[in-house]
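Peer 1:
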Amino acid sequence: MSFGLSRGKTLDVGDIGIELRSLPPCIEGRIDPRQWYPNPTKPFEIEIGSGKGTFLLQESQKRTEPNYLGFEWAAEFYRYAADRLRRNHIPNVRMVYGDATEFLKFWCEDCVADTIHLYFSDPWPKTRHHKRRVIQDSTLEMFHRVLKKGGIVHVVTDHDDLWEWCEEHFDRKASHFLRKDFSPATSSGDGELVGTNFERKYKREGRPFHATTLVRVDDA
Ligand SMILES: C[S@@+](CC[C@H](N)C(=O)[O-])C[C@H]1O[C@@H](n2cnc3c(N)ncnc32)[C@H](O)[C@@H]1O
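Note that the working numbering has the sequence shown beginning at 26, numbered continuously upward.
(1) Ligand 1 and T140: does the residue's C-beta get closer than 7 Å to at least one heavy atom of that ligand?
(2) Can you give, in chain order, each stretch of the beta strand (DSSP E) that sits fully within the stretch 101-156 and has at least 3 residues?
(3) Which residue comes first and which comes last in the alpha helix (DSSP H) that contains R225?
(4) State the beta-bridge partners of K205 as determined by DSSP.
(5) Starting from T164, follow the alpha helix (DSSP H) in both directions and report where the run begins and ends.
(6) Given the structure, does G42 come close to ligand 1, in the sense that its CB is under 7 Å from one of the ligand's heavy atoms?
(7) Who does F96 pair with in a DSSP beta bridge?
(8) Counting pairs of beta carbons, one from the stretch 179-191 and one from the stretch 43-55, are three or more of them closer than 8 Å?
(9) Compute the beta-carbon to beta-carbon distance between I177 and V240, rounded to the nearest angstrom, for a pair I have assumed lies under 8 Å.
(10) Rank F223, S146, E44 and L143 by C-alpha distance to the C-alpha of V121 and give the top, closest one.
(11) Could you work out which residue in A138, R46 and K226 is closest to T251 when comparing CA atoms only?
(12) Out of K228, A199, D206 and L143, which has the shortest C-alpha to C-alpha gap to G214?
(13) Per DSSP, what kind of secondary structure is E84 in: helix, strand or coil?
(14) Given a threshold of 16 other Cβ atoms within 10 Å of its Cβ, counted over all protein chains shown, does E72 qualify as buried or as exposed?
(15) According to DSSP, is T79 part of a helix, a strand, or is it coil?
(16) Within its chain, find whatever has a CB closer than 6 Å to the CB of R158; leave out the 5 residues flanking it on each side and keep chain order.
(17) Thinking C-alpha only, which one of S212, W188, R197 and S146 is nearest E97?
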């Protein structure tokens, strides 16, 4: 499928790419993204902010059972990740070009996802930009809605201030999610948590990381 991208550029990303703008208007009803895969009954995992797609590529090759959906709103990274996944012939991965929170809020059906991955999310350090951070009270409520019973959210960051913000939000939504220790991803390398590009870059700089797993509380 060829989708129009910014500045008139297009990229043939095979069946992997979905442009948010090309979806039917959300007033026509919610969408079940599991229907975008050859086998929609498989476990379904979402990554928000896939960057160059390293986690999706590595994890989908190690854990071949789930269907994976990556979101990336930066055109150059979306193009890079989707093309990389296409060239590696990964059949169970799709990439959306657009804002993940917008899709989850306006389009996504309830109770579809087993796991949401959020790795090295943009920290937006200025106070006036905090509203752009992915983790908000409303996002946690939305995660709760789109996750299946017992579904989980993995969060990793290097950023102390963002981590403090996340912890405050997790505490406020304790009726929605229980906290659990984070276990390294199956595809991570020695001493890594997930093995994304940002983790590898920051590890070389000697930065410490924060990580947690949230488990959906069923009767929130
Ligand atoms: C700091 S990078 C981390 C990339 C990758 N997860 C890693 O660890 O290497 C954050 C990425 O998330 C993307 N992003 C941030 N908010 C997003 C959103 N709401 N929807 C889609 N992509 C988003 C940014 O464009 C950026 O590529």
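Think of the CB as a built atom: it goes at the ideal place given N, C-alpha and C, for glycine as much as any other residue.
Peer 2: Quick look at the numbers:
(1) no
(2) 118-122 and 138-144
(3) N222 to R229
(4) T238
(5) D162 to V171
(6) no
(7) I73 and V121
(8) no
(9) 5 Å
(10) E44
(11) There is no way to answer for residue 251, as the model of the chain reaches only from 26 to 245.
(12) K228
(13) helix
(14) buried
(15) helix
(16) W149
(17) S146
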